[in-house]
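As structure tokens, the structure follows; a few thoughts come after it.
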Amino acid sequence: VQLQASGGGLVRAGGSLRLSCVASGGTASIYDIGWYRQAPGKQRELVAGISSGGVTNYADSVKDRFTISRDDAKNTVYLQMNSLKPEDTAVYSCNARRLVWGEWANYWGQGTQVTVSS
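If you count by this note's numbering, then the sequence shown holds residues 110 to 227, one letter each, in order.
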């Protein structure tokens, strides 16, 4: 499966953005999908994830501000980001994974830059 992330940009603190991760070459519904971010000089971190069954999880730093959702008919997973803060500035990437013969198969899309100005 190939993943294409989009929707990043420059926004002021308190603003909103919606990121999209479109899957092609496979059926997105069978994958767990995660949004990760990496800021300069920092490790990549999981921001939000949604399982193939629709169960969601969030990093504490984004709870109540970010919402992950999926539209399997469109093979797309969204990350709605509200009340953005300068510390949310990072490159955001999406990941798809599924168990294949007991091993996790992981697929990554290219990142999209999110910059939040104060």
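Cβ coordinates follow ideal geometry from the N, Cα and C atoms, glycine included.
Beta-bridge partners of residue i, as assigned by DSSP
i, result
"ILE159", "ILE142, THR165"
Span of the beta strand (DSSP E) around residue i
i, result
"GLN222", "221-226"
"THR176", "175-180"
"ARG131", "In the sequence on display, residue 131 carries Val and not Arg. First-last of the beta strand (DSSP E) with VAL131: 126-133."
Local Cβ density within 10 Å of residue i, reported as buried at 16 or more and exposed below that
i, result
"SER202", "buried"
"ASP197", "buried"
"LEU188", "buried"
"VAL223", "buried"
"VAL225", "buried"
"ALA205", "buried"
"GLY158", "buried"
"ALA137", "buried"
Nearest candidate by alpha-carbon position, reference residue i, set the options
i, options, result
"SER192", "VAL120, GLY116, GLN111", "VAL120"
"LYS183", "SER125, GLY135, GLN219", "GLY135"
"GLY218", "ALA132, LYS172, THR165", "ALA132"
"ASP181", "SER170, SER129, ASP169, VAL200", "SER129"
message: Taking contact to mean 3 or more Cβ pairs, one atom from each stretch, closer than 8 Å, check whether the region 138-147 and the region 174-191 are in contact.
response: yes
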